[in-house]
């Protein structure tokens, strides 16, 4: 096994690389199978053909707290679903509230409240792209 951060050889049981201190499996610069340098975004090592494990870019992760609070306080308008990328559900919640002139807004608000609680408790834990929500 090779360090994905610096490319040095590691013991298969090692939790961290002794050369650079990076946790085993973290990094994207080197192939864990052969140690060859891999271009950013590669899915397969061009040297040995190994399928490279993909790392999640932390900048693309949405906040669980923000999504949950948006659901609880602005759920009637589907703001939390717009935030998470679920535009179909968000438009439905918005239309229920707006088209009914607020009469059915309580339905959307309960819907948003339930989803907000589900987000905060971890029942809903990914955005529309399948990226896990960060704490």
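In this note's numbering, the protein residues as written are 551 to 685. Beta carbons are placed, not taken as given, at the ideal position from N, Cα and C, and that holds for glycine. Please read all numbers here as calculations on a predicted model, not as lab measurements.
By the Cβ-count criterion, residue 631 is buried, with 16 or more other Cβ atoms from all chains shown falling within 10 Å of its own Cβ.
Within the same chain, Cβ atoms closer than 6 Å to the Cβ of residue 569 are found at 556 and 558, the five residues on either side in sequence being excluded. A residue is called buried when at least 16 other Cβ atoms come within 10 angstroms of its Cβ; residue 647 meets this threshold and is buried.
The three-state reading of DSSP puts residue 582 in coil, since its state is none of H, G, I, E or B. The Cβ atoms of residue 634 and residue 617 sit closer than 8 Å to each other. Scanning its chain for C-beta atoms nearer than 6 Å, with the 5 sequence neighbours on each side dropped, one finds around residue 629 the residues 620, in chain order. Rounded to the nearest whole angstrom, the CA to CA distance from residue 553 to residue 582 is 6 Å.
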